[in-house]
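Heads up: the sequence shown runs through residues -24 to -1, 1 to 525, numbered per mature numbering (1 follows the signal peptide of the UniProt record, and there is no 0).
Idealized CB from N, CA, C, for every residue including glycine.
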Amino acid sequence: MKKLSVLAISVLLVSGWASSNASAEANEASDRVIISFKEDIDYDLLKEMGAEIHEEFDAISAVSVTLPNEQLVQTASKDSSIEYIEENSIVTAAAQTTTWGYRTIKANTATSLGYTGKGVKIAIIDSGINSKHPDLKVAGGVSKVENSSAFTDGNGHGTHVAGVIGAQNNSIGTVGVAPDSLIYSVKVLSANGVGTLEGVVAGIQWAINQKVDIINMSLTTINDDKALRDITQKAYEAGIVVIAASGNEREKGLYNDVLYPARFSSVIAVGSVSKLNKLSYFSNYGASQELVAPGEGILSSFTDSKTPSNEDYAISEGTSVASPFVAGTFAQYMEAYPHLSNIQLRETVKRAAVDLGVKGRDNTYGNGLVQSLQTKAALFPDLKNDVWYTLPIQQNFDRGIITGLPDGTYRPDATITRAEAITMIGRALKLNKANTNYHFSDVPKDSFAAGYINSAYELGYITGVNAREFRPNDPIKRGDMAMIMQSAFKLAGTQQADFTDVPKAMYYYDAIQAAYATKVVKGYADNTFRPKNPITRAESAEVINNAFK
């Protein structure tokens, strides 16, 4: 059976760790004792006991030492020159810390704006998660490892990944990029850090069934397995953002692209960078690289069976660490823009990345270093809050009249086409979008606007530029928009506007006057209407919104 190796978060591949384990440090420190003397430090006595001196505290006549055996501690405590002997107890930081990676992607700014991934469901397909760790909250999970029903973590890899995403914003340890997200443990890797194709496919299927929002896979395989390709595509089609580590084999020079599943087009491939924003010495790269994130020397939660508590942390590196930084960032954006599709969010996050390397997208850094939200979100990422178009666009969106563009933007200053304008009006008036009585040869039958154009023509709201052409892709002019609005919304009124550039002889004169009288349109400060100018997407939203008042 084919195996999937863990994409190591260490310089040692598969299951090795290059880590500074806090629990190991604690064990070493616990062998020491502090001896306090009633007067001066008695160095002769210490030498006689065979004590190894680590620190001297002259201010209190004390030393930190290691004694050859525990029995000497009891003997020394009875010596008349010694005030007391204390164990070298463990102390912890009074407050949590943030990693350099957390700060580099500016997750702290997103947190200050209130974006912490609230309500976003993230499936971590990995070695499980230590659900007893005090810095983590696990919403649920499943094990797809044979002969292992529990989704707890016997390796530490999945727990480390989980901490980068969801370590709680409390007084201990670290804080994750999306601490308020809902973390699900999908165990597909054993304690040795290996799993099967069957297990990973089953894990993704479980995540699809649970309707998660994001899948993170900090694992790799060299095989282009069709089952894995198909299941990740199904997850993507289900609206899930799928993210995977690019791989750690750069030094070996074996591959000219990232490994699978990151290489699939349905998956966002994440490479690793150092503190200097340089591609990590181990990070794979290639044409499929989409984003990079911090992946060296990252402190996060861990699990260590050798320690008596669950308060374990480790410092590790690898594209396995970089991938969850991207997953957590997507959770922030998903919270800020819940109406955007996974495809729109993917484009949004790519646009926000910091360009590294050669200008523009490249095969080394992809679209660049992932960045958290830096401003309070408007309805769409390229809109502003509290400007003249904010309310009209929002209200039209709430009515289902407008949607964003495929890349997640709205582009308020871009011109709107004749097809787009009729689509908006068709949605506003609930025209038959399935009308197949085609009237114009230049309106493709599979066009998003075809049904609305057919219906609007039959109702007399629009005409073509000639008997056979509608020219759906041409920008619509302000005067023509007024004419369509007059017909579609039955606008009438007696108030006249003396626009200097709207002579009575022009075909759009009556329509502009009616739209002005009903406050559907307005002119400019210089008393012009500019009827021949293309109308912008923001202006069209305002015009249609005014028709509902």
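For the options K421, T393 and I429, the alpha carbon positioned closest to that of N408 is the one of I429. About 5 Å separates the beta carbon of I191 from that of A99, a gap short enough to meet the 8 Å contact definition. Taking C-beta atoms as the reference points, V137 and S88 fail to come closer than 9 Å.
In the three-state scheme derived from DSSP, where H, G and I count as helix and E and B as strand, S53 is classed as helix. With fewer than 16 other beta carbons inside 10 angstroms of its own, R444 counts as exposed. Between I216 and V246, the beta carbon gap of about 16 Å keeps them out of contact (Cβ cut-off 8 Å). Contact between R447 and R513 fails: their C-beta atoms lie close to 18 Å from each other, not under 8 Å.
Within the segment 416 to 465, the complete alpha helix (DSSP H) segments of 4 residues or longer fall at 426 to 434 and 454 to 465, listed in chain order. The C-beta distance from V9 to E63 rounds to 6 Å, short enough to meet the 8 Å contact threshold.
In the assembly as shown, V334 is an exposed residue. Its beta-carbon has fewer than 16 other beta-carbons within 10 Å.
Non-local beta-carbon contacts of A353 in its own chain, meaning distances under 7 Å to residues more than five positions away in sequence, involve A312 and Y313 in chain order. The residue among N411, N361 and L435 with its C-alpha nearest the C-alpha of F424 is N411. Exposed is the label assigned to I36, since fewer than 16 other Cβ atoms lie within 10 Å of its Cβ.
In the structure shown, the three-state DSSP call for S299 is helix.
Here H30 carries a strand assignment [DSSP, helix/strand/coil].
If you ignore the 5 residues before and after S248, its C-beta comes within less than 6 Å of the C-beta of S256, S259, G271, T295 and A298, all in its own chain and listed in chain order. Burial check for F33: the Cβ neighbour count within 10 Å stays below 16, so the residue is exposed. Secondary structure note for L332: it is in no beta strand (DSSP E), with a DSSP letter that is neither H nor E. For the options S317, T379 and K251, the alpha carbon positioned closest to that of L332 is the one of K251. Of all alpha-carbon atoms in L22, Q489 and A426, the one lying nearest the alpha-carbon of D55 is that of L22. The C-beta separation of R239 from D233 comes to about 6 Å, placing the pair in contact by the 8 Å criterion. One alpha carbon belongs to P388, the other to A221, and they sit about 36 Å apart. Of all alpha-carbon atoms in A269, T324 and P300, the one lying nearest the alpha-carbon of G344 is that of A269. Within the same chain, Cβ atoms closer than 8 Å to the Cβ of L112 are found at I105, N106, T135, A138, G139, G142, A143, Q144, I159 and S277, the five residues on either side in sequence being excluded.
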